[in-house]
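The letter at position 56 of the sequence shown is residue 56 when you use the UniProt record's numbering, and the numbering goes up by one with no holes.
First the structure, in the form of structure tokens, and then the observations on it.
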Amino acid sequence: ELRPTSNKSRERLFNWLMNDIEGATCLDMFSGTGALGLEAISRGAKFVYFFEKRRKTCSGIEQTVEKLNIENQTEIINTVSLDFYFQSRINRPVDIIFIDPPFGKGLIDQAVKQIEKQNVTHKKSILYIELEKQSQTDEMLVDWNLIKTKIEGQVRHCLVKRN
């Protein structure tokens, strides 16, 4: 089930990122509708990788990308394996990574481990994470510093940078 980031949350996120988004390479993990990655491009990001496991959902992102004529700024990857995402597709350092998975499946921890294992970030990379309010991030984000956080209903929004 898709749980798109609310317009209010998206606006806050991109206000947080206003000094970092221009020219950035982004990765929209668990893309869903692609709203975060598409917004990143509209705000000046140079390139966005979209990772999504549902084929039908990927088709929706593809249609939007074609309609906006931004095919040369995107790569849409339909796969269920986090390992495969990185090994086959990421060919440049990623500046900003959006991690907004389905809740209750331990996917944030898996995603952060793969990001670190595959070495796709650099010392100034930023992660944006949406998680359940009660979820703990201390263990999974050992190498990252929390720079912004906001709780909205049952959702916690976090922005972190490398230590």
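Note that CB positions come from ideal geometry on N, CA and C, so glycine has one too.
None of these values were measured; they are calculated from a predicted model.
Look at the alpha carbon of residue i and the alpha carbon of residue j, and state the distance between them as a whole number of angstroms.
| i | j | result |
| --- | --- | --- |
| Ala-45 | Phe-14 | 11 Å |
| Gln-154 | Arg-54 | 25 Å |
| Ile-97 | Arg-162 | 12 Å |
| Asp-143 | Val-160 | 10 Å |
| Ile-147 | Cys-158 | 8 Å |
| Ser-135 | Thr-74 | 31 Å |
| Phe-103 | Ala-40 | 23 Å |
| Glu-116 | Arg-12 | 26 Å |
| Pro-93 | Thr-121 | 5 Å |
| Asn-145 | Ala-35 | 25 Å |
| Lys-133 | Ile-90 | 30 Å |
| Gln-110 | Glu-66 | 31 Å |
| Thr-25 | Lys-56 | 25 Å |
Between which two residues does the alpha helix (DSSP H) carrying residue i extend?
| i | result |
| --- | --- |
| Asn-15 | 7-16 |
| Ile-41 | 35-42 |
Just curious, the beta strand (DSSP E) that residue i is in, first and last residue?
| i | result |
| --- | --- |
| Arg-55 | Counting along the chain, Arg-55 falls outside any beta strand (DSSP E), though it belongs to the alpha helix (DSSP H) covering 55-68. |
| Glu-52 | 47-52 |
| Glu-75 | 74-78 |
Grouping DSSP H, G and I as helix and E and B as strand, with all else coil, what is residue i?
| i | result |
| --- | --- |
| Asp-20 | coil |
| Leu-107 | helix |
| Asn-119 | coil |
| Asn-163 | coil |
| Val-112 | helix |
| Ile-151 | strand |
| Leu-141 | coil |
Compare the C-alpha of residue i against each of the options and name the closest.
| i | options | result |
| --- | --- | --- |
| Gly-32 | Val-120, Glu-132, Asp-109 and Thr-5 | Thr-5 |
| Ile-126 | Leu-141, Lys-117 and Gln-134 | Leu-141 |
| Phe-30 | Lys-124, Glu-132, Thr-79 and Ser-42 | Thr-79 |
| Glu-130 | Val-112, Thr-64 and Lys-123 | Val-112 |
| Tyr-49 | Ile-99, Asn-7 and Lys-133 | Ile-99 |
| Glu-22 | Gly-34, Lys-8, Ser-9 and Ser-42 | Ser-42 |
| Cys-58 | Asp-95, Asp-28, Lys-105 and Asn-72 | Asp-28 |
| Leu-107 | Glu-52, Thr-149 and Lys-123 | Glu-52 |
According to DSSP, what are the bridge partners of residue i?
| i | result |
| --- | --- |
| Phe-98 | Asp-28 and Tyr-128 |
| Arg-156 | Leu-131 and Ile-151 |
Under 8 Å between C-beta atoms, does residue i make it to chain C?
| i | result |
| --- | --- |
| Asn-15 | Looking for chain C here will not work: only one protein chain is present. |
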